Each structure stands twice: as C-alpha cells, then as structure tokens.
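Undergrad:
In the UniProt record's numbering, the protein residues as written are 1 to 1258.
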C-alpha cells in the first residue's frame, strides 16, 4: 500500500510551512502527498519547489485560482498517471514500482460556497460510475460536514449542505475510512464563544480498497503551522508468509465465523464467497476497529497494549472486584407491593425440568446468534442433537437438581458496541455479553417460568419485557400528561426524566435477591438465579482478540436472556419504594390528572419518567427516594443527563426546584424511548432523527452492488420497518410521509449512482403483487392501520393498558368514543387520533385474506375501498344478468366469510383461507352449474314450467323429457322469457335462476358429498399412480424402452379406474343432490346417506341374492364414469408429464420450492383443461345415466346408447353441454391437486430421510 497524505497547508510561501511539510514527509515516510491551498503564485512555483523534496515529481493546476491543489510523489518508488483535472479535484492512477499494485487517488479541495460545491459532488459521482474494481482513495478538504456531531461551536452547516454531501457519498459508493487522532480537523483559531471546530478533512475509500487493504486507516495529526490537520494513511504494508496448512485452516475457520456474524439474509445459507459478502465484512471491521482511546484525564492512548489495558481495567472496576456483603431488608415495602406470589404459584416455578423443556429452550435460540467463549453456536447443538442431546440434557438437569453450575459454562465474553457516533472514552462503549449456549438454555428455562407470573407482579406503569404489554402505552400516556405544558392557566406540573448511570452494570446482587424475596419467589428458584448471576467471569474482546479474565461482583449482563426480566423486577421494587414514600408523606401532591390512578412514574427498563405537582415538597420526596434507592440497589442517577421539565404555569421557586434535584432544566420536545415528546402538533423538524436514520441505512449499503430485486427486498424488509415505530405512536405529518417516500423511491430507482428516473408511480408500486405492484407498504395506510389498533384497544376497554384506562377516565367519559369532541385539555395526538375520518376497525384475519383470495377469480381487483364502492355503484344498479351474477358472487363471499369467522371465533374451528375460497368458488359452484346444465339437457324438469314461461302458451309439459321451446311456440314468434323461467341458457343464467328460484344455498348442495368424495379419491388415485408409474418405468426401461413414453397413460388409466370404482356411490349421490330440486318447503334436503338410500329403496327385496344384485344400482353409470375418467386420466397424464419435464428443465435444477410448485401447477392446469375439453361428451353421458330415476332403465342403459340419444336430441352442442364450467373447474383443480401432492410427497420423504439418518446415528 502506498503511503499517502494530504494537508491543507494554508500557504507554502513561508519557510516554517515548508519545514513542517518536509518533516511530515520524512517522519511518516510519505510517498504521495496532496497539498491544498498553497497560495503560491505561478511565477514563484519554480523557486518554492527548489527548496522542497529534491528528486520528487510535481503536478499542479493553475487553470484554477492560484493553484488550489498540488500533487507531489517520489518517482523512485511510484508512477503517477493524471486522469482528470478540475478546479476542485485532481484524479490520478498510481503504480507501486516494487509491488506493481495500482490504485486510484483523488485529491480535492471543496469550494467554500454551496453552489460551486455541487459541481464537485457531480464530478465524484461521474468518476464513481466509470470505476470498476480498482481501489480508489478520495482525500482532502471537503469544506462540508455530514451532521451536527462533526461541528462544535457557534455555527453549524445548513441541512441542505449536509444532505447533499451525504447523498454524494452514498451515490458514489464511498466508505468512511477509520481514523485516529483529532476528531475535528479544522479550527478557526478563535476563543470563547466564537470558537468553532469542524471535521472538514477526511479520507473516503471504495469497497475495492477495503478488499485489497482491509486493515487500512488514517491518522488525523495535530496541526502545526496550519489550522487544518494533515491526514496520513496507515496500515499493514507487507504480507507475512505463513505455513500453507495453518493458513488454509485459519481461513476456513474465519469464513465459518463470518457466516455466523453476517446479518444480510441472502448470505445466510450455502457457500457465500462473494464480493458482497467480503465487502460487508471488511466494512464492518473497518468501522468497529479501535485504534486509540482517551483516559478520563484527557490523555490519549495510541498503542495497542495501552488501549487494551485501559479497557480491561475499566470493566474490571465496573463489573468485578469484591462482592459487597450488605444486610439489606425490603420487608417494610410489602404494604406497597402490587402483588406477591401465592404458595401454589411459587411451587409451580420449581417443578422438575423435563428433557422436552430443555430441548425446546435450546431450539428457541436463533441459529445465527453469536456463540460464547467456547465457540459453539446453537446451530451446532441443533444439528447434532441426536448425538449430544442426551448429555446436554443431563448437564442442564443436574444444575436444576443440585443448584450448582460450572464456572466454565458461565464464562462471558464482553463485546464492545459504540454508544455514540465518534466514541473517544471507554465509557462510550456498551459491553454486550456473549454467553455460552448451554448457559443461555438454562436461563431461558428460568425466564419461561418467570414469564408466567410477571404480569401479576409488575405494575402497569412498566411495559418492558412483560407479555402482552406495549411500549406505545408509555409514549401515548406521556404525550397526554405533557399536553398543555406551554399554557400558564393550568395547574403547575413537573416531569422528571431520569437517566440511570450504567443501569444494568450497577445492580447490586444483594438488592436483587431481596427484591425476589419481596415478591415471594421460592428459595430454590432464587438459588438458581443467584448461582447464574454470581458465578460469571469476564474477558474483553477487542479488535478480534481476547484480553483479561476476572470474576464479576455486581451487575446484570446485557446479552443474558434472564437479565431484562431481573431488571424489570428491580425497577418494580423501585416503584414499590416510591409508592411507599409517597403514601406516607402528606406533603406530596400528584401530577395533574394522575391522582385517581396514582400515576407516579412510567418505566421502560432503565428509561424513567417521574410525575408530580411542581412544588418543592413533592420534588424533595422524589429526590429523597432516588437517593435511598441508589444506596440500596447501586443504581445511581446521572445528573448530567437527567432533566426536570416544568410547565409554564410555574412562576415561583422555579430555580429552587431545579437546585433541589440538581438536574438541568429540560424543554420540550424531549427525547423519550427514541421519539420526541411534544405538547403540540408534530412537525417535520421533530422527525429529523427518523430521516437521519433512513439516510444512514441507505448510506451503509452504498458499497454493495445491489440489483433492483435486492433494493426492493431491502425496502420491503428493512427500510419499511424504520418508520413503523414512529407510525405506531404518532399520526405522521403528510410532509414527512412525502420525504420518506421520496427517499425510498430514489433508492429503488436510482441505485447508488444517483441517476435514473422512476419507471412507475409510487402508488402503483405500493399495490399488491397480484395487482401489478411490488407489495410495499404505504406509509400513510400503515400509519392509519396502526392508529386503528389503539382505537380498537379503547373500543375493547382494555383497562390493563395504563393509557387506555387514563383515556377512559379523563378523555372519554362514559366510554363515549364515537361522540368524542375536542376538549381544552386534549392533546393534539388524541384529538387527531379520534377524529380520523376513515375509521374501519375490522381486524378479523379471514377478512384480511378475503379480498386478495378473490381478486383474480372474481375480477374485483380493488386497490382501495373507495374504488370498490365506485365499481359496485356502477355495476349493480340494473337487473342485468351480469350484474346479478356479480351480486351473487359478492353475497357468496360475505356469507361464507362470516360463517368462517364465526366458526373460528366461537367454535375454534376453521380452514385455511386459500382452501376456503378455492373450494367454494373454483370447485363446488362450477360443479353445480355444470350438473344443472347437463341435467336440463337430459330432460329433468324444474317445477314443471316450460312453454308457459318461454312461449306464452298454456300447455304444460306432459312428458318427463324436456322439449325445446321452439316446438311449442307459434311459427314466426320469438320465445319470451320471464323471470320465473327455469330453462337454463348458460352458466350465468343457471347461477342467476338457481339463486332466485331455489335460494343461494342451493348452489352448495352436495358439499358434504364433494368432500367425502375428494379425500378418498385423491388418496387412492395419486399414490397409486406414482407406484404404478415408477414400477412400469423400471420394467419398460429394461425390457421395452420404446414403451416408456406411454407409461403415464397406462398408469393414470389404471389408477383412475381403481379410485373411480371404489368411490363411485358417493359420486352418484353428489350428482343427484345437485341435479334435482327439493320441492318440500321448510324441509331440509336429503344428505348423502339419505340420497343413497333413496336410490336403493325402490329395488329392495326379501331375497338376499336379489337384494345383493339390486345394490348394483349404486354403481349406475359406472361405465360412463370409467369411459369419462379413464380417457381423462390418459390424456391428462400423457400431456402433463412431458409438459412438467419441459417447464422444470427451463427453470433449471436450482429452482426453489416456489418454482417447482409453480411448474407443477402450470403443467396440471394445461393438462387438466385439455383433458376436460376432450372428454366432455363422456361427462355428459355419465351425468345422464346418474340422474336416471327409472331404475329398470338405469340398469340397462349403456354409455354408447346414451351418447347416441344425446346426439339425436342436441347434436354437437348437446354433447358439449356444460363444457365451460367443466373446463374452468378441471384446469385449476388438477393443477392444485398435482402441485400440493408433490409438496406433501416431498415433505413425507424429507421426514423419512431425517428419521433414517437419526436411526443411523443411534
């Protein structure tokens, strides 16, 4: 790697500046130097360079003002090729003469003004578009900062300047190189209030640079003769040759570790040696590497030994040392405790731990969670459970029996996570504990038992980690209580925001154990917890290495599954202490509108808000309680981060109140749980943290080569969730919604280059995939939906929610939700929340899937409810047949939707929504309509109406066979059809008239028979076909290869014949139930069994032999059924198998489950439709024979005679009666059956393989 440096020298004419530059080069062995703002006129260039760096080469650009940028390099070591020159940037390619490595270097000097600086940003993006995989370094004075944290003093850059700079870095795909030294690179050389520091100088690199030199960083050195710091690149410049075997093994182990740490979903499985994978790892390493640290006295530590010693010493002091043995008792708090466990509840916590409980707890741990010091992740234990599961269960069971744990199991690795953007002190890092998996399994078992009673023990003012409680309750109630703080006419109020210093790390164990006794936890259970907490040992992980080893003496580990729940119990003891002191002090006064519910605090883990009346006595009570709690528990308040917020009604003693607490005064908006608490309408400026968070996520992906599909997936899974938290507690302003959607739109269409226009409107993109969109969630729609959840809690009067209870008490008197009016004390949030115009609290799961499931089959693809209403108002006004069919379809949807909803809600039964709608719309309805059309063609009368309805004559039908209306109509007259006509002219006509004349439920008669027929028929048909096909293919491949292509034809025919003969009586019953009307009013139509009895009863006899022969009436039309189904199966399988093979070969062998499922469905759909159309005449003949009521004639009818009769009566049209519904049913039906059968077959095979493997291990 070339040693590169850049420095804004602020003039190079003076000898002191020249000496400083020369010292910089010699001290750091610089090979390439960029000098900025030399202020040397063109006539003095030669004279100045004679005194500087002899034998070096120079390049400058005096086309701009006074040579803003100079480049100089040691031409004995490197070669430089100038590629691009502008007034603000010089771009070149360098080649190391020794190693022959090449890289691109851009030295720039940004203009001081915003408008000219945009030219520089455009140039950088243009250069980035022309760079492929060469390492690229960009360095110099940018004259811009990224955010407010990079500037300190009286003036900061405008948001426009910062946004444009950030967008340029993202669009150029550049990454911030880690640095050491001064965080601010420029100072205005002023003092006092006029002093200003900024980070104007920096180094940025491409992802290819980090791939080539992953350990590189740069030093921001102290300025000497200039007001800017020089930047010097650092890193490993040589490769040490290692033993090939050891090196290869280390690389393999590292790759496995990196896979466990990689968080991108597409890098989760398989061999992932991709550029994206290693770019992500290199970027993460570069960002997390710690080069230097400052001590509390300001001394800077730069060597690795000093840095590691400082970290180990700090955390050993914080967490280790000698455990304080103190006599603490909390029995005096029992009158103020909300709830104590009963004896039965205590005994249940200590029930024996079973092997299944151990296994479930182990398998609940995520496979990609970080391992502990032993290096074993949960994925290892899950994969090898059949081998090690018994021993692991025995070890964990021994802990719960003996109450002792091995210290090796309880070893902990401290991993450091920065709490601020630019950490400089050890205290700026949060220690996250990586525990061993066996230990985490033990604590998960304890946590699972603790969760059973946690809701009883914890007051509703705490909502963290308690099942069925929500963080939004804290925020919503805090917003309500802070409403009107800017008004002077309301009572004086006070809110105290408490910051607990090192909350988790400072808990004294003796206080924790006493708190558990206070809530009446059993002694044995407390012993388990004490053993887990008190035997922990710690080591510190720093830059990939492990340092130190010391035992713990206090604190709860962040990363231990048990710690959050123990801390919640500690804070509940604090709440009990606060209640006890308040109730025993008559001087304390509650916050306005808090006395009836006795609201004193809102806690979410260590985020605490305290409320009281703004008077000295009340604040003094809180101060004394905080001091007492700190002495007992070790949890101390950080006065520098805690705030006291006073309403404007406080006029007297304001400063005295602030002095009593010793906190700084806070002002609204104040940040609480990640969102701002305000007393007015939410503004765009209040949402800046949300916008910055979105920008930082997008900037973090700038180095990835993301495709359109990748960007769409990131928007769907990551970016769309960033604002969901805000949207769940605020009604977002329309302006902020537009800004967020604009950023998402730009990221989707313009990639990292910043170029490109949106191809589709954003509203279209947010539609469902079935409607042509990408399925993105609209921010506005999601915001309304999340607000509806809060309204629904109010409707249900969920008084377990402290916010709902407060709303029902103070805002909605007598539960008048729908008559809510704006009141003086109502917060802006509540007012807009309850006055939302479009309220539709429909939360039934079946309703959420109803419309998508029926969009395609019904053609009613509505993007919004308003579109659906507009569509219905246009189509449903008249009595046209199509409009009546549409109304019938919607009626069917609503009727069965509510039936399914009631079954789920009140009977605990139900079916999958997809199967529900497929069954009712795709199968039963079409079967019923097809059967009616074919039965009518066979002459079945419906209520004896014929020529009266169709020709106007009074002659009634005397024969059973239905005659065409033209036979009775006068010559030259056209048949007229009244609404009472029962002759069916087509599928929609059947649908309309059956509903009108016989009722809507008539369309679903035969449902039970259809279900009874489908299960055994498919259960026999599909497996038998698979068995026969496999056997025949094996035989023919050996003996007659030419016959192999015909195997599906014979196998399908034989399998279908067997299934048809077995299940035929049920098929007969279904056809009769759908074909004939039920004439008796108010009498339930006969079911499957009664229908079959009705078929057999007329031919019963006392002679057993004759009776047995007569029972073959149940197989009436079997010949026609076989004549239809066998050719159907032959045609279907003969076309399905080749088509399926062709589709699967086109999508490739690496296709996923969805691709294989789609291939089977498409092949089945085409083959089923083709076979149905081909065999339609045989289906008509089968129906004709099955509905024959003359039993003697039914037994004598043949398929050939039936086909001849149909041809004679109706011709070709008669043979294809009902072809439309039959084809519409058969295609999807075959596709669904074949595709889901393949899925079930694959699942059973997978389970069998797993069982075989397990038995092999045993």
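Cβ atoms here follow ideal geometry from the backbone N, Cα and C, with glycine treated the same way. Being a predicted model, the structure only gives us computed values, none of them experimental.
Suppose the cutoff is 6 Å on Cβ atoms and the five residues either side in sequence are ignored; what does the same chain contact list for residue 736 look like?
TA: Along the chain shown, read from residue 1 onward, the residue named residue 736 stands at position 736. Closer than 6 Å at the Cβ level, and outside the excluded window around residue 736, lie 684, 687.
Undergrad: Just the Cα atoms here: how many angstroms apart are residue 448 and residue 363?
TA: Your numbering for residue 448 matches position 448 in the chain shown. Your numbering for residue 363 matches position 363 in the chain shown. Spanning the alpha carbons of residue 448 and residue 363 requires a straight line of approximately 13 Å.
Undergrad: Taking only the alpha-carbon atoms, compute the straight-line gap between residue 1287 and residue 146 and give it to the nearest angstrom.
TA: In this structure the chain extends from 1 to 1258, so residue 1287 is not present and cannot be described.
Undergrad: Could you check where the beta strand (DSSP E) with residue 361 kicks off and where it finishes?
TA: As a position in the chain shown, residue 361 is number 361, starting the count at 1. Where residue 361 is concerned, there is no enclosing beta strand (DSSP E), although the alpha helix (DSSP H) it sits in stretches over 355-363.
Undergrad: Which same chain residues, not among the five before or five after residue 1160, have their C-beta less than 7 Å away from its C-beta?
TA: Locating residue 1160 in the chain shown gives position 1160, counting from the first residue. Same-chain partners within the cutoff: 1140, 1234, 1235, 1238.
Undergrad: Mapping DSSP to helix, strand and coil, what is residue 218?
TA: Taking the chain shown and counting its residues from 1, the one referred to as residue 218 is at position 218. Here residue 218 sits in strand by DSSP.
Undergrad: Heavy atom of the ligand ZN less than 8 Å from the Cβ of residue 83, yes or no?
TA: Although the ligand ZN was asked about, the structure shown includes no ligands whatsoever.
Undergrad: So, for residue 1044: in the same chain, excluding its five sequence neighbours on each side, which residues have a beta-carbon less than 7 Å away from its beta-carbon?
TA: Reading the chain shown from its first residue, position 1044 is the one you call residue 1044. Excluding sequence neighbours, residue 1044 sits near 1033, 1036, 1037.
Undergrad: Once DSSP output is grouped into helix, strand and coil, what is the label at residue 414?
TA: Residue mapping note: residue 414 aligns to position 414 of the chain shown, counting from 1. Residue 414 falls in the strand class under three-state DSSP.
Undergrad: Using three-state DSSP, classify residue 1021 as helix, strand or coil.
TA: Counted from its first residue, the chain shown places residue 1021 at position 1021. Residue state, collapsed to three classes: helix.
Undergrad: Hey, how far is the Cα of residue 971 from the Cα of residue 1209?
TA: For the purposes of this step, residue 971 is identified with residue 971 of the chain shown, where counting begins at 1. For the purposes of this step, residue 1209 is identified with residue 1209 of the chain shown, where counting begins at 1. Model confidence at residue 971 stands at a pLDDT of 32, short of 50, so the residue's coordinates are unreliable; what they give is reported in the following sentence. For residue 971 and residue 1209, the distance between alpha carbons rounds to 21 Å.
Undergrad: Figure out for me which residue from 801, 58, 121, 365 has the closest Cα to the Cα of residue 92.
TA: Within the chain shown, numbered from 1, the residue matching residue 92 stands at position 92. Residue 58 is the option with its Cα nearest to residue 92.
Undergrad: Between which two residues does the beta strand (DSSP E) containing residue 92 stretch?
TA: As a working note, residue 92 is residue 92 in the chain shown. Counting along the chain, the beta strand (DSSP E) containing residue 92 begins and ends at 89-96.
Undergrad: Where does the unbroken alpha helix (DSSP H) through residue 26 begin, and where does it stop?
TA: For the purposes of this step, residue 26 is taken as the residue at position 26 of the chain shown. Looking at the DSSP string, the run of the alpha helix (DSSP H) that includes residue 26 is 15-28.
Undergrad: Answer with buried or exposed for residue 54, where buried requires no fewer than 16 other C-beta atoms within 10 angstroms of its C-beta.
TA: Looking up residue 54 in the chain shown gives position 54. That one is exposed.
Undergrad: On the three-state DSSP scale, how would you describe residue 405?
TA: For this step, residue 405 is matched to residue 405 along the chain shown. Three-state result, residue 405: coil.
Undergrad: How many Å lie between residue 471 and residue 435 at the Cα?
TA: Stepping through the chain shown from its first residue, residue 471 is reached at position 471. Stepping through the chain shown from its first residue, residue 435 is reached at position 435. Approximately 27 Å, taken between the alpha carbons.
Undergrad: Can you tell me where the alpha helix (DSSP H) holding residue 122 begins and where it ends?
TA: In the chain shown, the residue the question calls residue 122 occupies position 122. Counting along the chain, the alpha helix (DSSP H) containing residue 122 begins and ends at 114-129.
Undergrad: Kindly indicate which residue of 1055, 1128, 1133 has the alpha-carbon position closest to the one of residue 1046.
TA: Sequence index remark: in the chain shown, residue 1046 carries index 1046 (1-based). Among 1055, 1128, 1133, the Cα nearest to that of residue 1046 belongs to 1133.
Undergrad: Taking DSSP as the reference, what is the three-state secondary structure of residue 551?
TA: Taking the chain shown and counting its residues from 1, the one referred to as residue 551 is at position 551. Correct three-state label for residue 551: strand.
Undergrad: Check the Cβ-Cβ distances between residue 35 and every residue of chain B, and say whether any is below 9 Å.
TA: In the structure shown, chain B does not exist; there is a single protein chain.
Undergrad: Going by DSSP in three states, residue 151 sits in which element: helix, strand or coil?
TA: In the chain shown, the residue the question calls residue 151 occupies position 151. Strand.
Undergrad: Over the uninterrupted alpha helix (DSSP H) stretch that includes residue 726, give me the two end residues.
TA: Here residue 726 corresponds to residue number 726 of the chain shown, with the count starting at 1. Counting along the chain, residue 726 sits inside the alpha helix (DSSP H) bounded by residues 724-727.
Undergrad: So if DSSP puts residue 493 in a beta bridge, which residue, or which two residues, is it bridged to?
TA: Here residue 493 corresponds to residue number 493 of the chain shown, with the count starting at 1. Beta-bridge pairing links residue 493 to 613.
Undergrad: Taking C-beta to C-beta, are residue 139 and residue 221 nearer than 9 Å?
TA: In the chain shown, the residue the question calls residue 139 occupies position 139. In the chain shown, the residue the question calls residue 221 occupies position 221. It is not a contact, given that the beta carbons lie outside the stated cut-off.
Undergrad: Using a Cβ-Cβ cut-off of 6 Å (strictly less than) and excluding sequence neighbours within five positions of residue 323, which residues of its own chain qualify?
TA: Residue 323 sits at position 323 when you count from the first residue of the chain shown. Here the set comprises 553.
Undergrad: Would you check if the distance between the CB atom of residue 451 and the CB atom of residue 431 is smaller than 9 Å?
TA: As a position in the chain shown, residue 451 is number 451, starting the count at 1. As a position in the chain shown, residue 431 is number 431, starting the count at 1. No. Outside cutoff.
Undergrad: Round the Cβ separation of residue 174 and residue 201 to the nearest angstrom and send it over; I've been treating them as touching at under 8 Å.
TA: Position 174 of the chain shown, counted from the first residue, corresponds to residue 174. Position 201 of the chain shown, counted from the first residue, corresponds to residue 201. With 8 Å as the limit, residue 174 and residue 201 do not qualify as a contact, their Cβ atoms being about 15 Å apart.
Undergrad: Does the count of Cβ pairs from the segment 502-521 and the segment 567-585 closer than 8 Å reach three?
TA: With a cut-off of 8 Å, the segment 567-585 and the segment 502-521 count as touching, because enough Cβ pairs lie within range.
Undergrad: Grab the span of the alpha helix (DSSP H) containing residue 683 for me, first residue to last.
TA: Taking the chain shown and counting its residues from 1, the one referred to as residue 683 is at position 683. Here residue 683 belongs to no alpha helix (DSSP H), and DSSP marks it neither H nor E.
Undergrad: Taking the straight line between their C-alpha atoms, what separation do you get for residue 122 and residue 233?
TA: Indexing the chain shown from 1 puts residue 122 at position 122. Indexing the chain shown from 1 puts residue 233 at position 233. Roughly 26 Å separates the two Cα atoms.
Undergrad: With a CB to CB cut of under 6 Å and the five nearest residues on each side skipped, what residues in its chain are close to residue 548?
TA: Numbered from its first residue, the chain shown carries residue 548 at position 548. Closer than 6 Å at the Cβ level, and outside the excluded window around residue 548, lie 312, 539, 540.
Undergrad: Considering just the uninterrupted stretch of the beta strand (DSSP E) at residue 102, what are its terminal residues?
TA: If you number the chain shown from 1, residue 102 lands on position 102. Start and end: 102-109.
Undergrad: Can you give the Cα-Cα distance for residue 1261 and residue 518, rounded to whole angstroms?
TA: Because the chain spans 1 through 1258 in this model, residue 1261 falls outside it and cannot be assessed.
Undergrad: Counting C-beta neighbours from all protein chains within 10 Å, is the total for residue 770 16 or more, i.e. buried, or is it exposed?
TA: Position 770 of the chain shown, counted from the first residue, corresponds to residue 770. Burial call: exposed.
Undergrad: State buried or exposed for residue 546, treating a residue as buried only when at least 16 other CB atoms are found within 10 Å of its CB.
TA: By one-based count along the chain shown, residue 546 stands at place 546. Of the other Cβ atoms in all chains shown, fewer than 16 fall within 10 Å of the Cβ of residue 546; this residue is therefore exposed.
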